[in-house]
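A.B. asks: Residues in the sequence shown are numbered consecutively from 3, following my numbering.
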Amino acid sequence: MRSLAKARHAWALVAVAAIGACHDDGTPGRPSSGLEGVTLTSVSPSLVVPGSTIVLAGDAFLDSSVANAWLQLTGTLDGSNVSLQLPASFVDFDELHVDLTPEVLSLLPAPTGSFAGNAQVTVEYLPTGERIASSPIAAPLVFADQLTPSLADVQAAGEIYVNDPIPVEGDGFLLGGGEGTTWAVLEGCFTPQGEADCVEVGPIEVPVTPADPFDRTRGSFPFSPRIAGISPGSFSGLVYLRNEHAGGAVVDDITEVEVAYDLRATEILATGTSSGTGASLGQFIDIDGGGFVGGDEGLTTIVLQGTYTPDGAPGGAPVDLELVPEFVDGRRIRYVINEDDGLGTAIDVRLDSGTFDGTISPIVSYEGDTITGTPTPLVFQILPVKQVVWVRFLPSYVESLRLFGLRALDSMIRKRILTVLRRDYETVNIEFREEEPTDFELFATLDIAGPDPNGLGLLGYDNTNGKDLNNERLFDHIGGVNALTQEDGFPGFGGIFIESLFAFSTHPAVGKKQDVADPLFDRIFDPFRPDTGTPFSSADVAMGMVPELANGGGCPTDDRLNQAGCAVWVIGSMIGTTVSHENGHSLGLADPLGTRFHNLGDAPNRLMDAGGARTLRERAELDGEGPAVFCEDEYQYLREILPTTDPETTIERPYC
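(1) Leaving out five residues before and five after residue 487 in sequence, what residues of the same chain have Cβ atoms less than 6 angstroms from its Cβ?
(2) Verify whether the separation of the beta carbon atoms of residue 580 and residue 448 is less than 7 angstroms.
(3) Do residue 286 and residue 218 have their CB atoms nearer than 7 angstroms?
(4) Determine the burial state of residue 195: buried for a count of at least 16 other Cβ atoms within 10 Å of its Cβ, exposed for fewer.
(5) Residue 211 and residue 373: beta carbons closer than 7 angstroms?
(6) Under three-state DSSP, which class holds residue 638?
(7) Taking the DSSP output, what are the residues bridged to residue 364?
(8) What residue from 231, 404 and 102 has the CA that sits closest to residue 62's CA?
(9) Taking the C-alpha atoms as reference points, what is the distance between residue 500 and residue 415?
(10) Return the CA-CA distance between residue 193 and residue 235, expressed in angstroms with no decimal places.
(11) By a C-beta neighbour count over all protein chains shown, 10 Å radius and 16 as the cutoff for buried, is residue 133 buried or exposed?
(12) Apply the 10 Å Cβ neighbour rule to residue 620 and answer buried if 16 or more other Cβ atoms are within range, or exposed otherwise.
(13) Taking the alpha carbon of residue 496 as the point to measure from, which residue in 516, 504, 531 and 451 has its own alpha carbon closest?
(14) Between the C-alpha atoms of residue 356 and residue 385, what's the straight-line distance to the nearest angstrom?
(15) Roughly how many whole angstroms lie between the Cα atoms of residue 558 and residue 570?
(16) Take every Cβ of the region 576-596, pair it with every Cβ of the region 466-485, and state whether three or more of those distances are shorter than 8 angstroms.
(17) Cutting at 6 angstroms between CB atoms, please list the residues of its own chain near residue 605, excluding the five before and the five after it.
(18) Going by the CB atoms, is the gap between residue 215 and residue 184 shorter than 7 angstroms?
(19) Under a three-way DSSP split, which group does residue 25 fall into?
(20) Considering residue 450, what are the terminal residues of the beta strand (DSSP E) in which it resides?
(21) List the endpoints of the continuous alpha helix (DSSP H) containing residue 568.
(22) Would you call the region 295-306 in contact with the region 315-330, where contact means no fewer than 3 C-beta pairs closer than 8 angstroms?
(23) Looking at the structure shown, is residue 422 part of a helix, part of a strand, or coil, going by DSSP?
(24) Please go through the same chain and pick out, in chain order, the residues whose beta-carbon is closer than 6 angstroms to the beta-carbon of residue 233, but skip the five residues on each side of it.
(25) Between the C-alpha atoms of residue 647 and residue 388, what's the straight-line distance to the nearest angstrom?
(26) Identify which residue in 273, 263, 567 and 391 has its Cα closest to the Cα of residue 438.
(27) Out of 136, 241, 39 and 361, which one is the CA nearest neighbour of residue 272?
(28) If contact is defined by three or more beta carbon pairs under 8 angstroms, each pair taking one atom from either stretch, is the region 154-166 in contact with the region 118-127?
(29) Rounded C-beta distance between residue 419 and residue 574? I'm assuming under 8 angstroms.
(30) Compute the Euclidean distance between the alpha carbons of residue 378 and residue 444, then round it to the nearest angstrom.
(31) With residue 154 as the anchor, note down where its alpha helix (DSSP H) starts and where it stops.
(32) Once DSSP output is grouped into helix, strand and coil, what is the label at residue 397?
(33) Helix, strand or coil: which one does DSSP assign to residue 84?
(34) Is residue 601 near residue 630, with beta carbons less than 7 angstroms apart?
(35) Suppose only complete runs of 3+ residues qualify. What are the beta strand (DSSP E) ranges in the region 222-306, listed by chain order?
(36) Give the secondary structure of residue 485 by DSSP, where H, G and I count as helix, E and B as strand, and everything else as coil.
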């Protein structure tokens, strides 16, 4: 098994020397960055307390692995001149956070007061020591030690379900997190439907969720089953607000508002999926209605009764199942098609497809009470198994684009990568997404990073555990660190590592020159590399649009915008085809009926050939080489494990 693992990963060992670069003085580091200007557009919220998080929105922020950042405040605090520098943490390239911990608050001359003046973001790029700052913007801030809530308005009456959101308006709401919680406190009595006696309720505290992340004036609280249970009936009483700060201080509002609600019975009103007509293995079915409970406050199950008819079968079989969905909120629950519960054991949801026709009923339970809702008609399909892949672009990928001088072309490069993936897997039931899926629980994740954390200069590495014949897992993660893989003595970190593409350079920005180096690589990227040319920037954009190439026939070129189009084509093709290769491994390729991880020998344009057999021109789809494709047996295998009704492609495929 160990020898198989070696064969599986040897293709990626293009560069075996440790990656590194030097400043002119010989100290370790990277070449000049060619940084774009940092932009700050907003500072929120404008009123903060101990434990608040100040959110800085803008652009061109740098990952914390390569930069330090600060919020610079220059102006007056309660009339006194101040110049404050508060440490900021990286969240995304358009968002930084300043957490008002005791250590950060100690940087203020006073713990409370009103700041008037300007804000800037200052960034220090660690590899070179460069410092850049955003243009200043006006940013009034109020620092308070605590807030007193006030209730101006609340939905005071009407028909509701258990766990329905009750909107409130006022002021002084806490935003959660490190600040603490604003609670709605309810007292009164509840009369069950059909009864005359009113049962005393409360006081019950229910958390208020802000309507927007920085809104201290509007929010809502769920009408929790802790208030009146889960049975239909009538509640009457009053509500007021309470602030419980993270530091322990509790402040009550003196305003009380009378409320009266009629609680409706739990029911299901509609079902749906992102596919519209049904769901496949690992996909969610959204079930909408009202009165659902879950989490620490009860349980909601669903009962399916009806008939399931496999596709192509003359008749169906009876179905009577109770299933446990995921609780989202009082208005929505979600059921995921899986192989482990009653539905998965009654139907082979991996291999079979068909239609359920019957009813769905909710059952809610809370503290010994159980209520069964009215059945609702339901028709849905079990669809053929589908593989969803989240192509996750890590911050280190974006930072490493600076070494190519292509940071400003990130969005075009991503688009080219995804175009390559969708082309390579055309007519196979697989979907590549740039955003994390929310409609599937079972999906694969494939990380695109910058440097190889294994220190081996790998282009790509599938670190999933063992060969997954027939794609049994659906949830592989090519990325992060896999301890089981490390136990075999092989690298644990997986993913695609774009800095290792410099193995094809005759004068790499990182790492050492390799045997696979090709001057064509440098003709494509030298015009933009910070150490050999001028990085593509907003100044170039002012010259015109970068062309989106349909092929690499005109590359390389001397025209600046066309040079950029060629660079996007080449790097996007090289990354994309590497992703296709690694994703093929996670699906059980190559040699789907055997034990090999690559095709035997060396043939042109075979996607699952070992790495050393694939030239720069084939990967970059230049000079008439490429695109690489799955060979015939591999393509048929993919169509078998991830079937679609699409006709086969007309591509001429090589033998395996």
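From the three backbone atoms N, C-alpha and C, an ideal C-beta is built for every residue, glycine too.
C.D. replies: In short:
(1) Caution applies to residue 487, whose pLDDT of 49 falls short of 50 and renders its modelled position unreliable; the model cannot decide the point.
(2) Cβ atoms of residue 580 and residue 448: not closer than 7 angstroms.
(3) At least 7 angstroms separates the beta-carbon of residue 286 from that of residue 218.
(4) Exposed is the call here.
(5) In this structure, residue 373 does not lie closer than 7 angstroms to residue 211 by Cβ.
(6) Three-state result, residue 638: helix.
(7) Answer is 304, bridged to residue 364.
(8) Nearest C-alpha to residue 62 among 231, 404 and 102: 404.
(9) Computed Cα separation, rounded: 12 angstroms.
(10) Looking at the two C-alpha atoms, the distance is approximately 6 angstroms.
(11) Exposed is the call here.
(12) With 16 or more Cβ atoms within 10 Å of its Cβ, residue 620 is classed as buried.
(13) Here the closest residue by C-alpha is 451.
(14) Going by the C-alpha atoms only, they are around 7 angstroms apart.
(15) Roughly 12 angstroms separates the two Cα atoms.
(16) Judged by Cβ distances under 8 angstroms, the region 576-596 makes contact with the region 466-485, as three or more pairs qualify.
(17) Apart from sequence neighbours up to five positions away, the residues of its chain that approach residue 605 with a beta-carbon distance below 6 angstroms are 656, ordered along the chain.
(18) Against a cut-off of 7 angstroms, the Cβ pair of residue 215 and residue 184 comes out as no contact.
(19) Unreliable placement is indicated for residue 25, whose pLDDT of 29 sits below 50; the coordinate value is still reported in the next sentence. Here residue 25 carries a coil assignment [DSSP, helix/strand/coil].
(20) Segment 446-451, the beta strand (DSSP E) holding residue 450.
(21) Here the alpha helix (DSSP H) through residue 568 covers 562-588.
(22) Yes, the region 295-306 touches the region 315-330.
(23) In the structure shown, residue 422 sits in a helix (DSSP, three-state: H, G or I).
(24) Cβ within range, chain order: 194.
(25) Taking the straight line joining both Cα atoms gives about 12 angstroms.
(26) When 273, 263, 567 and 391 are compared, the shortest CA-CA separation from residue 438 is found for 391.
(27) Of the listed residues, the one whose Cα sits closest to residue 272 is 361.
(28) Between the region 118-127 and the region 154-166, the count of Cβ pairs shorter than 8 angstroms is below three; the stretches do not touch.
(29) With a Cβ gap of about 5 angstroms, residue 419 and residue 574 count as contacting.
(30) Between residue 378 and residue 444, the C-alpha separation is close to 27 angstroms.
(31) Element bounds for residue 154: not the alpha helix (DSSP H) but the beta strand (DSSP E), 152-156.
(32) Residue 397 falls in the helix class under three-state DSSP.
(33) Of the three classes helix, strand and coil, the one that applies to residue 84 here is strand, per DSSP.
(34) Taking 7 angstroms as the cut-off, the Cβ atoms of residue 601 and residue 630 do not count as close.
(35) Runs found: 235-247, 252-254, 259-265, 269-274 and 286-292.
(36) Since pLDDT at residue 485 reaches only 47, below the 50 mark, its modelled position is unreliable, and no value is offered.
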